[in-house]
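Per UniProt numbering, the sequence shown starts with residue 1, numbered consecutively.
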Amino acid sequence: MLLGVIADDFTGATDIAGFLVANGMKTIQLNGVPQEAVPVEADAVVISLKSRSCPVDEAVAQSVSALKWLQAKGCQQFYFKYCSTFDSTPEGNIGPVTDALLDALDEAFTIICPSLPVNGRTVYQGHLFVQGDLLSESGMRNHPVTPMKDANLMRLMDAQATGKTGLVSYREIELGADNVAARFAELKQQGCRYAVVDTLNDQHLAAIGEACRHLTLITGGSGLAAGIAQNWSESLSDQSDAMQAGQPVSGHTVILSGSCSVMTNRQVAAYQPQAPHFALDVKRCLSESNYVDVVFDWVASHLGGKLAPMVYATAEPEMLHAIQAEFGAQASSQAVEQFFHQLVQRLQQHGVTNFIVAGGETSGVVTQSLKVKGFHIGPQIAPGVPWVKAIDQPLSLALKSGNFGDEQFFTTAQGYIHD
């Protein structure tokens, strides 16, 4: 094993795994730290956790446990993967987890690189932008769990972590990989524990990736994965069948959407005129124990059509705020998660084999409910969103982070399903 990735949610894990496969690394994704022997024959292993928004101490414990498992497998380099919108609170979890991983590896320096230019995530003078808007002025300012009110990555790290944060500006990155590596060394000598790297395009990512060749720990979004994979190119075997292992096959398909992101709202709206759709009632999730039976019966009656039926808890910010005000943010979120947990188990028993899921938290719930131990990574539906196939049962999933994909994502995803 060459590269070990510790991802803080399920969609983030499939996101980076897809980029690794696309760039020549045979990759397996595992759901959580294996508690039993798992055969691993891969260049890279991605361990997906549910640590993005849990209490800090839990996130740290999960991440260090994943690191120890990867170390025991002889892994040579490590990557802490978080969202390209740096989803976190003022207390963490990105900063504390980064500190814990550095300490466990006895390392004193790493980089902060959430950028994913192909999806509009760029960093300029240390500030994170989303589709040209500052992070703090994007739809992420209304995120129900981790509202992002500051776009300055250096301030965010200084608030969350214990060390000092420096900057590698875009001018320095444009001078090439050797100059970037020299700047890393300079910041480390100055006592910086973390280096935020400006990134405006894929050429910047390539230079940063090459400069990270000798770093034991790297942290960032999925964008840097291509450059990291290139560093290992001479050690890779034939990858011609890597994507085929994760190709979805024909079977009953269902769409489940729990994300309230701007793009997912648009995707849900675009899909509604095309296919059967069912909007969840959060109040009924909270108050009616048989509500899952009602929705299951509806889904079962719409299986086998030209396009898959969609069940969604997706809502515009105004409606979301009203729901949270009435029922409480935590209670409403947990009710929806518990509902999806029960629904997917019923659907699996009914013979549904393909699930298209929108939202990191929802994807985590669905994957855990299906008891999938790990995935083969298949073709990318959109940048950062591959189809994946379970290594231990006949199930295929497309796990989409909230703002990824275009408006026709749900329809496009079904186009990859073949006999």
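Quick reminder that beta carbons are idealized off the backbone N, C-alpha and C, glycines included.
From residue i to residue j, what distance separates their C-alpha atoms?
| i | j | result |
| --- | --- | --- |
| L256 | T110 | 37 Å |
| L156 | A59 | 17 Å |
| P147 | I112 | 19 Å |
| P379 | G415 | 11 Å |
| residue 465 | G227 | Residue 465 is absent from the model: the chain starts at 1 and stops at 419. |
| N403 | I391 | 27 Å |
| F78 | L217 | 5 Å |
| Q348 | F340 | 12 Å |
| Q35 | V168 | 40 Å |
| residue 438 | V40 | No statement about residue 438 is possible, as the shown extent of the chain runs from 1 to 419 and does not include it. |
| F86 | V344 | 29 Å |
| I173 | M319 | 43 Å |
| I417 | N265 | 24 Å |
| V64 | S369 | 24 Å |
| A159 | A195 | 15 Å |
| V365 | V254 | 15 Å |
| R213 | L3 | 12 Å |
| Y312 | Q189 | 51 Å |
| R284 | A104 | 46 Å |
| A413 | M263 | 15 Å |
| D297 | Q247 | 29 Å |
| T27 | T353 | 22 Å |
Which residues in the same chain have their Cβ closer than 7 Å to the Cβ of residue i, if we skip the five residues on either side of it in sequence?
| i | result |
| --- | --- |
| Q408 | A270 |
| K164 | G191, C192 and R193 |
| K400 | T11, V357, A358, V385 and F409 |
| N152 | G126 and H127 |
| S261 | G139, G402 and N403 |
| V180 | V168, E172, I173, A207, I208 and A211 |
| D133 | none |
Of the choices the options, whose alpha-carbon is the least far from that of residue i?
| i | options | result |
| --- | --- | --- |
| Q131 | L102, V118, D15 and H252 | V118 |
| S48 | D57, D15, A37 and E41 | D15 |
| V123 | S84, S88, G92 and R141 | S84 |
| V336 | P309, E318, K306 and Y291 | Y291 |
| A245 | G374, L102, P90 and T412 | G374 |
| S250 | D419, V366 and R171 | D419 |
| L175 | N152, A211 and A313 | A211 |
| S233 | L200, A72, L134 and M25 | M25 |
| I381 | I356, L395 and G364 | I356 |
| P90 | V196, P248, R52 and L20 | R52 |
| T362 | L200, Q189, Q334 and V38 | Q334 |
| S136 | S115, D150 and H127 | D150 |
| I208 | D178, V33, K188 and L187 | D178 |
| C75 | F184, E288, D297 and A44 | A44 |
| A72 | V254, K389, M1 and T253 | M1 |
| V268 | F184, Q160, T314 and L370 | T314 |
| M310 | P273, L116, R346 and R141 | P273 |
| V33 | L3, S88, E186 and L70 | L70 |
| L67 | D106, V388, S88 and A42 | D106 |
| N93 | D9, V21 and A37 | D9 |
| S235 | A42, V38, G18 and F19 | A42 |
| H252 | V299, G258 and L286 | V299 |
Could you check if residue i is buried or exposed, using at least 16 other CB atoms within 10 Å of its CB as the buried criterion?
| i | result |
| --- | --- |
| G221 | buried |
| T162 | exposed |
| G351 | exposed |
| M154 | buried |
| G166 | buried |
| G359 | buried |
| V294 | exposed |
| G384 | buried |
| H204 | buried |
| S301 | exposed |
| D99 | buried |
| R171 | exposed |
| A279 | exposed |
| D198 | buried |
| K389 | buried |
| K50 | buried |
| A308 | buried |
Please go through the same chain and pick out, in chain order, the residues whose beta-carbon is closer than 6 Å to the beta-carbon of residue i, but skip the five residues on each side of it.
| i | result |
| --- | --- |
| P96 | V56 and V60 |
| A13 | A7, Q29, V46 and S48 |
| S138 | V130 |
| V145 | S53 |
| H143 | none |
| K81 | V5, A7, G12 and I16 |
| Q393 | none |
For residue i, which residues in the same chain have their Cβ closer than 8 Å to its Cβ, ignoring the five residues on either side in sequence?
| i | result |
| --- | --- |
| G305 | A275 and P276 |
| N23 | A225, A226, A229 and Q230 |
Consider the C-beta atom of residue i and the heavy atoms of the ligand NAD; say whether any pair is separated by less than 7 Å.
| i | result |
| --- | --- |
| A398 | The ligand NAD is not part of this structure, which contains no ligands at all. |
Report the start-end ranges of each alpha helix (DSSP H) in the region 121-163 that is 4 residues or longer and not cut off at the edges. 153-160
Please list the segments of the beta strand (DSSP E) lying wholly inside the region 348-418, counting only runs of 3 or more residues, in order along the chain. 352-358, 374-382, 385-390 and 396-400
Going along the chain, which unbroken runs of the alpha helix (DSSP H) with 4 or more residues stay wholly within the region 217-293? 225-231, 262-271 and 282-287
Unbroken stretches of the beta strand (DSSP E), 3 residues or longer, contained in the region 44-74: 44-48
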